[in-house]
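Peer 1: Have a look at the structure that comes next, please.
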Ligand code: COA
């Protein structure tokens with residue numbers, strides 16, 4: 032075993048490869064996408080600009096953004112076959128499961144599935160960026176027994192998503208907060224779902240398979256699924272008066288409290304202050320201050336008792352709730368955003384590929400003799 036590297040459990044602290052897409056710097060509480068601070072991108076750009084940046088390497092100028100936006104808006108429609116498939120989905124299915132299946136179907140419909148040139152990959156990426164919101168909204172409307180709403184080419188990605196879900200574009204404050212959440216969720220180096228997409232890509236499988244794998248990994252409550260669990264928790268607490276005791280009991284019972292902790296950040300998540308600012312804006316805009324009050328008490332108690340800080344899912348969950356989304360829509364919204372990071376990593380992995388295939392230690396039975404069925408009876 033001496034020539035082998037024994038990795039720590041969960042690959043904690045292991046640098047698995049290089050990337051030029053983003054850098055997480057926990058020691059200075061910072062995250063950059065392609066060299067730009069995520070906080071600055073959130074304040075100065077819209078989600079479309081960041082979606083262009085992650086895959087192309089730099090922010091677009093006006094002409095580049097117009098061209099990118101025109102292609103994205105033209106790709107939002109889904110086929111009649113896919114709509115028919117969505118209409119057969121069980122109404123009680125979780126939207127992450129319907130999304131996983133629908134993205135797989137989009138892959139089956141693409142005759143260029145095996146074309147992995149950079150140019151075609153970027154076209155597929157823009158198509159996924161455009162279609163995923165349509166799929167999420169269509170599945171939502173189907174589950175509610177409502178007519179599907181076609182995408183509107185005159186609207187931004189965020190505006191169009193509300194339009195397709197609710198037949199209404201909300202106030203600009205809501206759109207801005209939603210857009211900021213998409214920017215903050217877009218990319219985060221080798222997190223579990225992104226690493227999954229790279230592992231799948233490393234086998235020279237196709238982009239759709241990698242994205243479907245990413246959706247599967249993101250669904251887990253220890254990863255993207257945490258934003259849903261945060262809102263379930265806030266509802267369970269229900270009252271700011273009960274929040275402190277709720278947290279003390281949870282800690283005493285050694286429960287994992289959703290929306291807290293992070294594998295990389297130990298002193299706080301670089302994205303939280305920006306998201307929190309927009310969650311606060313949502314609370315004053317909607318008048319639903321209660322969720323924020325509960326969240327603040329939970330955070331204060333967790334930080335003072337354990338020194339564990341909230342992650343992005345903690346402010347994002349209540350923000351989506353106040354925007355009018357049902358809780359099981361939160362992780363699919365995360366996919367709408369993270370598909371940008373996934374596709375950037377898929378393209379990067381392909382450009383300098385080596386199959387990702389670690390070794391395993393063996394802690395099973397030592398070698399033993401196989402006896403035939405009659406000898407075993
Ligand atoms: N609630 C309670 N305790 C927590 C905690 C949480 N959310 N997150 C970490 N801890 C505790 C652990 O129990 C552990 O304590 P111990 O040393 O006494 O055993 C210590 O903090 C270190 O945590 P660890 O489990 O080693 O962290 P990890 O890097 O393996 O896991 C997460 C990171 C994100 C999976 C973990 O913090 C977690 O499950 N958080 C809740 C889910 C969540 O919000 N996920 C979204 C991540 S962006």
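Residue numbers (my numbering): 32 to 408. C-beta atoms are modelled at their ideal positions from N, C-alpha and C, and glycine is treated no differently.
1. Around the C-beta of residue 84, are 16 or more other C-beta atoms found within 10 angstroms, so that it is buried, or is it exposed?
2. In the structure shown, what three-state DSSP assignment does residue 354 receive?
3. Quick one: is residue 32 buried, meaning 16 or more other Cβ sit within 10 Å of its Cβ, or exposed?
4. Please state whether DSSP places residue 193 in a helix, a strand or coil.
5. For the alpha helix (DSSP H) containing residue 62, name the first residue and the last one.
6. So the alpha helix (DSSP H) residue 35 belongs to, where does it begin and stop?
7. Let's see if you can read the secondary structure: which residues bound the beta strand (DSSP E) around residue 54?
8. Is the closest heavy atom of the ligand COA to the C-beta of residue 344 under 7 Å?
9. Give the C-beta separation of residue 365 and residue 258 to the nearest angstrom, bearing in mind that I take them to be a contact with Cβ-Cβ under 8 Å.
10. In three-state DSSP terms, what is residue 391?
11. For residue 37, count the other beta carbons within 10 Å of its own beta carbon; 16 or more makes it buried, fewer makes it exposed. Which is it?
12. On the DSSP letters alone, give me the boundaries of the alpha helix (DSSP H) that residue 98 sits inside.
13. Under 7 Å Cβ to Cβ from residue 334, same chain only, skipping five residues before and after it: list those, please.
14. Taking three-plus beta-carbon pairs below 8 Å as touching, is the segment 121-134 in contact with the segment 146-154?
15. List the residues that DSSP assigns as beta-bridge partners of residue 341.
16. In whole angstroms, what separates the C-alpha of residue 64 from that of residue 327?
17. Can at least three beta-carbon pairs, one atom from the segment 308-327 and one from the segment 261-269, be found at a separation below 8 Å?
18. With a cut-off of 8 Å on the beta carbons, I'd call residue 307 and residue 346 a contact; round off their distance for me.
19. How would you call residue 386, buried or exposed, if buried means at least 16 neighbouring beta carbons within 10 angstroms?
20. On the DSSP letters alone, give me the boundaries of the alpha helix (DSSP H) that residue 171 sits inside.
21. Take residue 182 and list the residues in its own chain whose beta-carbon comes closer than 7 Å to its own, dropping the five residues that flank it on each side.
22. Is residue 41 near the ligand COA, in the sense that its beta carbon is under 7 Å from a heavy atom of that ligand?
23. Consider the C-beta atom of residue 263 and the heavy atoms of the ligand COA; say whether any pair is separated by less than 7 Å.
24. In chain order, what residues of the same chain have a beta carbon less than 7 Å from the beta carbon of residue 244, not counting five sequence neighbours either side?
25. The ligand COA and residue 252: does the residue's C-beta get closer than 7 Å to at least one heavy atom of that ligand?
26. Based on DSSP bridge pairs, tell me the residues matched to residue 68.
27. With a threshold of 16 other CB atoms inside 10 Å of the CB of residue 53, please say whether the residue is buried or exposed.
28. What residue range is occupied by the uninterrupted alpha helix (DSSP H) comprising residue 302?
29. Going along the chain, which residues of its own chain have a beta-carbon closer than 6 Å to the beta-carbon of residue 173, five neighbours each way excluded?
30. By alpha-carbon positions, which one of 288, 294 and 255 ends up nearest to residue 363?
Peer 2: Reading off the structure:
1. buried
2. coil
3. Its pLDDT being 49, under 50, residue 32 is placed unreliably by the model, and the measurement read from it follows with that caveat. Looking at its Cβ environment, which holds fewer than 16 other Cβ atoms inside 10 Å, residue 32 is exposed.
4. Three-state result, residue 193: helix.
5. No alpha helix (DSSP H) contains residue 62, which is instead part of the beta strand (DSSP E) from 61-64.
6. Segment: none, residue 35 is in no alpha helix (DSSP H) and carries neither H nor E.
7. 53-56
8. yes
9. 6 Å
10. coil
11. Its Cβ having fewer than 16 others within 10 Å, residue 37 is exposed.
12. 93-105
13. 340
14. no
15. 291
16. 29 Å
17. yes
18. 4 Å
19. exposed
20. 149-174
21. 107, 108, 165, 191 and 195
22. yes
23. no
24. When the five nearest sequence neighbours on each side are left out, the beta carbons in the same chain lying within less than 7 Å of the beta carbon of residue 244 are those of 227, 228 and 231, in order along the chain.
25. yes
26. The bridge partners DSSP lists for residue 68 are 63.
27. Burial call: buried.
28. No alpha helix (DSSP H) holds residue 302; DSSP gives it neither H nor E.
29. Within the same chain, residue 173 has close Cβ partners 117 and 118.
30. 255
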